[in-house]
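Note sheet for the following structure.
Protein chains in written order, with the UniProt record's numbering: chain D, 1 to 418; chain W, 1 to 915.
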């Protein structure tokens, strides 16, 4: 590996090697590539890394939490003397296994589920520390007001989906269980444990009503979706805001992520069993609903739902569809009152799943750092050309069961890059 | 499993579809692919399958054609008895030779002078002509790659003629993986002879990535074919009489560029020159007659433009590359380049998301556009050269107007990246413009009843680049005149002249990685549509602030660069672009007159609006600006500047000027007779700037606001516009009456205000440096309202403020513009910024809701793999797919060959071929 390391340095060239940057692989402790790939992606999401390092600087002797372990890990990478190498995230993995029993084994885990858990958990830690440090007045912020709680206002399928998702972080079933409701509409993953839903037609200012102040996790990852429902009887439009930490999109063959996101916001008609309870009509009515992005997050994490539950096989099948993702992205599916609809995103990291199914295979990640693209495969780091990204779009044919496909995309807003 | 997942898509491939002109049908027997089809092969990461097409002169007219095209004689290296020693020397020197038996016995005729021009390396290889069957050649190309070539030479067809001696007709070339095939394209009447490719080449160590036939040097037996490779080399294969060919290699040792060749294009009207773009983002001009020296080229600057630099080789003798273009943005790998039909303008689209349009001869940048996001992948000019369509990674088809320098429409319909866009010149409708247009006719195109024979019978030699429209079409339109389409006058006699013709509806096709083809109709009413005024207020404000922040954060350069894209000011200045002017400018001439008249009608009112419209379509004329318009321009400049000054309180000089400008304003209004004044106004408001310093770069901003108005040709629209006169008046900037501050009210300008502010400095500088030209550019510089401009215009020339200066110099140093070159460059235009964050909301990249959104006429899934080529022909169109299949689709009324395809000649492929 030493040879490998120096080779990377040689490839990049000493004069081009970004100052104060370290490219360190993460040692695999037995199927921990799901964690390694996500951690690398997060490490190269600059705002996130900075906040974690800042946390480390502020909390000299913290009680050991997953966040403190993460901070130690990031700090350790960032302060290495060598430019490249590898490091063993032993403490982090140990802590992770303590925190969540689903991860306490040597099985392959779902990288998105891990990301989901990690972000929510970090957020909870921050809130908990804030509360313990200050008055516990903000206690409500940790009390989950889950989507299901507020859902009665809009009892419909999409809400059911989202609420089931929001619970998914506590359940062993993977988020892919949404796969079976695979219509053209993507489902929303509400990762925010803090009350993903507010009362209907709540102005944006009150969105976080339950939370006193957003944490830096909110600032980085949180966006707001607004779901607009138009009752087909009285034509009243009600809208409801929901926070999200990432968007889960269904994938179609030979499409772009742009298209998948547009589908995500396609209008859906609520009828038959899914009728909408209209407050105006005071009854269940057919309605049209669509979800659009109202506040665009600083880092937009897109989860491609590549593991679909297929009933006939009674298991999850990997969908290797070719879904292209550009290096630059704007959203088309923003709401009319969106705060920052023109936000321009740059692709900064991709977690890639290699293999044929959710519980086997391998995760790697590619990240962009100072204009270079790097591939992190556990403890190995390689420089790649941007043109090789197209190898991770997926397959146009299903003949090959195994594929290396983009699974989680991290887009970072350009206005925060500087 | 696989089937399950795809069950819903397997069977829905379309083999025909209907548009209003009829039914397009897939001709299953006119399908081109590799001769020996195998099952699935993974070509996913191979280079895009591209298709090149050429129509060879007919043998019957052979003499004529050769006389006309002197090129082939030299280009194709018609066998001459030059010394064979050249050849030998070369072989010896490279030592590599081929993998097969070297055959010094190669007829001496092959060693033409052209071979001699190759520099020593492993070029060319040698050919081994096996007289009996197809000739195969192995050749080693530079850089460890080799070629195995099989020309279907010796095979005799039923008539006893060598099959490769098919004279005339069409040739189709496509690449697949490491292979390259050339077939005779047999059109819709006959099926494909898949087993008889004219030529096929297999490369080792590299893949062909692009290719282009030289139509100018075509002979009845073939046309020179350029092939570019993923490893950077470029091969030129020239047909000769007989089954042999001449090959040359450029960049064979990869000394010029190591990256993939992304696009190759012969220069129009030039038999020897071609452009090659590489993934590195550089563009090179080669002369196929010149050698590539054995040393890496060392370059010296030749011209510095706004965001681009042109280099030339520093060497005693002229060598390849003749020129090298370097662009300032990151990742600007040029994905495609395309010459306008008149041949004078060049459009480039690149991975950085920019469309750049150059006047080729002067190498001046005429304008830019930015994708909504992601790279632009493909580009195509409208048949009349007035519009450019680009497609890219934003899944959109974007229409850009050359005259207005703005994005006029976007099309949304694809589900993935748009890989090819192409205008269908045969379905584009034209009419005459009589100037008296009241049309807002959306219906005019509703029917397309004309029989195609009528429409396409004409030959369109009159219009250089575009073939296919027909004089007869005009009368057809006439017949269809409706209540509101008074504008379409039938004037068959004048119809032949391009300038009198205006396209009223363009047919556009696009194919995408989503495996679908979309057809679009772009009608005049869309193209004339102003930028939408409706805005998200919130977003605007927010944006503003974000701009502000961005600007602050950014480094000096960003700060300096104003927003918008450049509007070319002196488009016409250089006058070089004659063809385009003829078509374009000429085409608009009618409109201009018209607008004049209208302006006179409304002269009592401030005529800025109407005149603007005329201006918008007519490139600002230098003389006009200088002579007639100078005072006005100055006045306008003053006003603008003052208004700006007010709103921005930009410095002393401005405040000083203020009084002047008021007076100027007055004079302006007095003077305002007609278009000239308006001209100045026009430029003032919008179209900015231009001037540029030699760089030229100057530019300015403004543009967007005015652009929204600029486009109106139809009186109705203008009238409508009039109704919002007050509003528009403000915008027009200038505003002679309103003078100060009015500009600020314009929200669009407002948005840009930040950048404008910044642009002042830049402008200052540019004006300053170009003092001598400043009068000419008055109007343009005024657009920016820059104080300096005012000064120069009025002759005061007080000099720009110190700040402006320092900024200017900063800019200079930063972008290394050579001001000494400034004079060389005519002002072109001006790009103010290449920062997409600043371009959003400008004419180069309107916000999504600001721009008319087209929906496809049809959108059909026609393949399982991504589509990679689309070529419109008179009786059919072709699509290519990444799986290596090229499909022919008959136009309505042309799908007759089904009955014919079984003719013996096709079904009896002779043996002989090929693997």
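Cβ coordinates follow ideal geometry from the N, Cα and C atoms, glycine included.
Close to residue 836(W), with beta-carbon spacing below 9 Å, are these residues of chain D in chain order: 328, 344, 414. Annotation: residue 324(W) to residue 266(D) spans about 47 Å, alpha carbon to alpha carbon. Here the region 328-348 of chain D lies against the region 287-301 of chain D, with 3 or more beta-carbon pairs under 8 Å apart. Contact between residue 862(W) and residue 14(W) holds, with the beta-carbon distance rounding to 5 Å and staying under 8 Å.
For residue 398(W), the closest Cβ of chain D is not nearer than 8 Å. Taking a Cβ-Cβ threshold of 7 Å, none of the residues of chain W is close to residue 370(D); the smallest such distance is about 12 Å. Annotation: residue 887(W) has no Cβ neighbours in chain D at a cutoff of 7 Å; minimum Cβ distance is about 17 Å.
Looking only at 363(D), 370(D), 394(D), 273(D), the smallest Cα-Cα distance to residue 380(D) is reached by 363(D). Cβ-Cβ distances below 6 Å link residue 214(W) to 223, 224, 266 in the same chain, with the five nearest sequence neighbours on each side left out; the list follows chain order. Residue environment for residue 248(W): buried (at least 16 other C-beta atoms within 10 angstroms of its C-beta). Scanning its chain for C-beta atoms nearer than 7 Å, with the 5 sequence neighbours on each side dropped, one finds around residue 358(W) the residues 345, 346, 364, 365, 366, in chain order. Within the region 248-271 of chain D, contact with chain W at the beta-carbon level (separation under 8 Å) is assigned to 252, 253, 254, 255, 256, 258, 259. Nearest to residue 426(W) by alpha-carbon distance, out of 384(W), 343(W), 236(W), is 384(W). By the Cβ neighbour-count rule, residue 58(D) is exposed, with fewer than 16 other Cβ atoms within 10 Å of its own.
The C-alpha of residue 138(W) is placed about 44 Å away from the C-alpha of residue 349(D). Counting along the chain, the unbroken beta strand (DSSP E) around residue 289(D) starts and ends at 287-295. Using a Cβ-Cβ cut-off of 8 Å, residue 332(D) counts as an interface residue toward chain W, since at least one Cβ of chain W sits closer than that to its own. Within chain D, no C-beta atom comes less than 7 Å from the C-beta of residue 257(W); the nearest is roughly 15 Å away.
Note that the region 851-865 of chain W touches the region 410-426 of chain W; at least 3 beta-carbon pairs, one per stretch, sit closer than 8 Å.
Contact between residue 867(W) and residue 517(W) holds: CB atoms are separated by about 7 Å, below the 8 Å threshold.
Residue 390(D) reaches chain W at 45, counting residues in chain order whose Cβ is nearer than 7 Å.
For residue 302(D), the three-state secondary structure derived from DSSP is strand.
Within its own chain, the residues whose Cβ lies closer than 8 Å to the Cβ of residue 396(W), once the five positions on either side in sequence are excluded, are 371, 372, 410, 411, 412, 414, 418, listed in chain order. Chain-ordered, the chain W residues with CB closer than 8 Å to the CB of residue 324(D) read 393, 416, 417, 513. Within the region 851-876 of chain W, contact with chain D at the beta-carbon level (separation under 8 Å) is assigned to 864, 865, 866. For residue 380(D), the enclosing beta strand (DSSP E) begins and ends at 380-384. Under the DSSP definition of a beta bridge, residue 147(W) partners with 139(W), 203(W). Each of 296(W), 220(W), 53(W), 49(W) was checked against the Cα of residue 314(W), and the nearest Cα belongs to 296(W). Contacts with chain W at 8 Å (Cβ-Cβ) do not include residue 405(D). Judged by DSSP secondary structure, residue 525(W) falls within the alpha helix (DSSP H) whose first and last residues are 524-527. CA-CA distance, residue 881(W) to residue 49(W), rounds to 7 Å. When rounded, the separation of the alpha-carbon atoms in residue 358(D) and residue 403(D) is 12 Å. When C-beta atoms of the region 268-279 of chain D are compared with those of the region 229-243 of chain D, three or more pairs fall below 8 Å, so the two segments count as touching. Think of a sphere of 9 Å around the beta carbon of residue 348(D): no beta carbon from chain W falls inside it, the nearest being about 15 Å out.
At the C-beta level, residue 408(D) and residue 367(D) stay beyond 8 Å of one another. For residue 334(W), not one C-beta of chain D is nearer than 8 Å to its own C-beta.
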